[in-house]
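To start, the structure under review is shown below, and the notes come after it.
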RNA sequence: GCCUCUGUAGCUCAGUGGAUAGAGCGCUUCCCUCCGGAGGAAGAAGUCGCAGGUUCAAAUCCUGUCAGAGGCACCA
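In UniProt numbering, the protein residues as written are 1 to 555.
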């Protein structure tokens with residue numbers, strides 16, 4: 001008896017009842033209207049529905065009367081132990097222990113697949129995040145998106161979507177030249193050029209570039225600049241990929257901006273040239289003051305944006321357009337962008353691009369804006385010069401701790417990381433609370449095996465302690481939580497859910513023994529509880545996996 | 001000036017219209033022979049920034065207002 005089964009039963013009995021009260025009304029009723037939720041208060045039963053209150057007005061009756069009528073019929077459904085009507089018209093359902101306990105068996109059987117759902121089946125989604133410039137290491141601002149984006153990708157996939165994760169590399173334009181000049185200057189022991197890149201890492205890159213080809217110091221500078229730039233870029237990009245790997249963040253595609261600028265030898269045209277033509281053909285482009293503009297104000301922007309400057313050179317916006325079209329051409333119907341709050345000014349422009357490309361901005365593009373992250377109250381920005389690099393954070397607090405902390409808050413919450421707290425292996429650090437609960441399930445399983453408790457018997461009606469029904473009810477919700485996290489693009493819901501499961505598990509552990517005390521015999525109740533123990537471990541592990549966090553067997 | 005986000009317990013924060021608003025930390029008092037006191041129970045702690053509105057029902061939706069953070073290039 002899953003909530004889905006129960007809501008289906010409720011829907012089925014509702015149809016004739018509604019039809020009887022007002023002919024034709026049943027047609028307006030959809031199964032998605034019939035929602036069952038876990039009441040916060042356990043005294044309100046295992047599942048609760050507000051359907052009577054929502055339908056009463058339409059049917060010209062009062063909620064309590066309607067609820068009573070529904071409750072009478074629901075009580076005879078298989079697996080339902082009792083139904084009450086409470087408050088203004090809530091219908092509270094209690095399941096019998098056997099029906100509620102069945103989920104433990106299901107979870108153990110489905111193992112790694114438990115939690116997977118098909119709520120986003122058929123969706124083809126491009127997920128772009130991080131996209132840090134290849135002119136320096138990843139730092140704090142990228143870190144939040146690396147954690148959230150990677151987890152979001154996992155949650156979307158678990159919900160049946162086809163997902164491509166992508167990192168866009170801004171490797172064209174004069175920032176790269178400044179980067180090359182900075183590395184070159186450092187190689188000659190000179191100070192950072194005007195508007196160049198400062199930082200120790202530039203000196204390190206310079207040393208490595210020179211080590212690879214010492215002749216760079218002897219040839220004319222204007223001749224070697226391109227080589228400095230290119231070699232340093234490759235080294236830096238490799239560093240970035242290493243950092244991401246240590247952070248357990250995976251990208252399917254690293255897309256370079258350069259490919260958008262390259263001319264096709266056959267046609268002499270670049271992807272950006274083509275993109276400009278295609279936007280013109282869609283009718284959202286106009287010329288003024290010698291420049292070519294996109295009418296982004298059609299899509300909510302406060303002013304129109306230049307795509308081709310008066311001097312004939314493309315703006316960055318033109319490359320964005322070509323990149324968007326590339327995603328579209330590669331078959332992605334939905335494009336999700338994760339951007340920092342400092343880029344929220346781009347939202348209208350990106351939406352305008354989508355519209356100008358003939359797509360529907362409300363359907364084909366979604367821009368998620370994340371608020372700023374600080375560490376120990378200090379704002380860390382490139383401008384202020386006190387960058388905290390991802391690698392430093394990883395070394396300081398560890399990948400699991402950092403990923404979990406970044407993934408457990410909604411992205412629109414400004415976040416201040418407490419470095420010392422994240423280093424703690426205690427309850428103050430939520431990741432350990434969850435990981436410890438998982439380790440405990442594994443430890444119980446190991447000890448159970450030694451004590452001769454196995455899973456040869458499963459009698460769900462024996463799982464009747466209040467901590468067991470609470471735990472079972474929560475375990476049942478996992479697929480729905482995953483689906484909701486995917487639908488709302490909010491992976492933090494998974495983390496919060498896992499914390500709830502961990503708490504419920506610890507409470508159960510304190511009340512119900514899997515392994516009999518002392519010399520007492522192993523009974524079916526112990527064997528059955530082992531199923532529940534293992535099911536909990538499975539949910540914790542699967543959930544942590546969605547967050548990119550390890551689930552250790554012992555700690 | 002305009003735009004986006006935020007305002008919930010002493011602190012850090014959950015809570016996409018439901019019942020008595022929750023968790024962790026911190027504080028008080030207890031308990032635990034299933035890893036190693038990284039565990040559990042109970043208690044104290046709140047005008048959900050403020051004011052209107054919509055609704056059977058608002059922390060949640062709408063409007064206004066106050067406070068804080070960030071952003072508003074023919075830069076990349």
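Think of the CB as a built atom: it goes at the ideal place given N, C-alpha and C, for glycine as much as any other residue.
One question on the structure: do residue i and residue j come within less than 7 angstroms of each other, judged by their Cβ atoms?
i, j, result
"residue 439", "residue 555", "yes"
"residue 460", "residue 102", "yes"
"residue 94", "residue 82", "yes"
"residue 248", "residue 518", "no"
"residue 68", "residue 80", "no"
"residue 524", "residue 457", "yes"
"residue 148", "residue 407", "yes"
"residue 400", "residue 431", "yes"
"residue 108", "residue 531", "yes"
"residue 284", "residue 295", "yes"
"residue 252", "residue 165", "yes"
"residue 556", "residue 171", "Outside the shown range of the chain (1 to 555) lies residue 556, about which nothing can therefore be said."
"residue 151", "residue 491", "yes"
"residue 59", "residue 8", "no"
"residue 187", "residue 163", "no"
"residue 321", "residue 260", "no"
"residue 352", "residue 299", "yes"
"residue 310", "residue 291", "yes"
"residue 336", "residue 371", "no"
"residue 115", "residue 542", "yes"
"residue 544", "residue 551", "yes"
"residue 52", "residue 87", "no"
"residue 563", "residue 444", "What is shown of the chain runs 1 to 555, which leaves residue 563 out entirely."
"residue 183", "residue 232", "yes"
"residue 390", "residue 143", "yes"
"residue 479", "residue 117", "yes"
Applying the criterion that 16 or more other CB atoms from any shown protein chain within 10 Å of the CB defines a buried residue, is residue i buried or exposed?
i, result
"residue 357", "buried"
"residue 313", "exposed"
"residue 265", "exposed"
"residue 454", "exposed"
"residue 16", "exposed"
"residue 451", "exposed"
"residue 332", "buried"
"residue 488", "exposed"
"residue 24", "exposed"
"residue 243", "buried"
"residue 190", "exposed"
"residue 511", "exposed"
"residue 57", "exposed"
"residue 495", "buried"
"residue 557", "The structure shown does not extend to residue 557, since the chain is modelled only from 1 to 555, so the question has no answer here."
"residue 245", "exposed"
"residue 376", "exposed"
Figure out for me which residue from the options has the closest Cα to the Cα of residue i.
i, options, result
"residue 180", "85, 214, 393, 206", "206"
"residue 110", "492, 489, 475", "475"
"residue 212", "162, 202, 290, 227", "227"
"residue 398", "424, 376, 13", "424"
"residue 139", "165, 374, 335", "374"
"residue 112", "538, 550, 544, 553", "538"
"residue 272", "281, 286, 257, 282", "257"
"residue 6", "37, 25, 22", "37"
"residue 297", "371, 27, 202, 354", "354"
"residue 303", "45, 161, 445, 346", "346"
"residue 485", "130, 160, 99", "160"
"residue 469", "46, 30, 26", "46"
"residue 288", "276, 300, 279, 308", "308"
"residue 326", "344, 293, 276, 369", "276"
"residue 324", "388, 168, 421, 415", "168"
"residue 369", "390, 360, 349, 342", "342"
"residue 330", "124, 391, 78, 28", "124"
"residue 446", "415, 392, 553", "553"
Could you tell me whether any non-hydrogen atom of the ligand GDP is closer than 6 angstroms to the CB of residue i?
i, result
"residue 260", "The ligand GDP is not among the ligands present in this structure, which contains no ligands whatsoever."
Within the region 155-208, ranges of the beta strand (DSSP E) (whole runs, at least 3 residues): 162-169
Report the start-end ranges of each beta strand (DSSP E) in the region 253-324 that is 3 residues or longer and not cut off at the edges. Inside the region 253-324, DSSP marks whole beta strand (DSSP E) runs of 3 or more residues at positions 253-256, 285-288, 291-294, 305-308, from first to last along the chain.
For the 8 angstroms Cβ check, are there 3 or more pairs between the region 194-204 and the region 147-165? Under the Cβ criterion (8 angstroms, minimum of three pairs), the region 194-204 does not count as touching the region 147-165.
Runs of beta strand (DSSP E) lying entirely within the region 103-130, each at least 3 residues, in chain order: Runs of the beta strand (DSSP E) inside the region 103-130: 124-128.
Contact between the region 499-508 and the region 428-438: three or more CB pairs below 8 angstroms? Output reads yes: the region 428-438 touches the region 499-508.
Threshold first: 4 residues or longer. Then list the alpha helix (DSSP H) segments lying entirely within the region 323-394, N to C. 347-356, 361-364
Which whole runs of the alpha helix (DSSP H) in the UniProt domain "DALR anticodon binding" (434-555) are 4 residues long or more, in chain order? You should have 466-476, 478-487, 492-511, 524-546.
Which parts of the region 50-110 are runs of the beta strand (DSSP E), unbroken and 3 residues or longer, counting only runs that do not cross its ends? 80-86, 90-95
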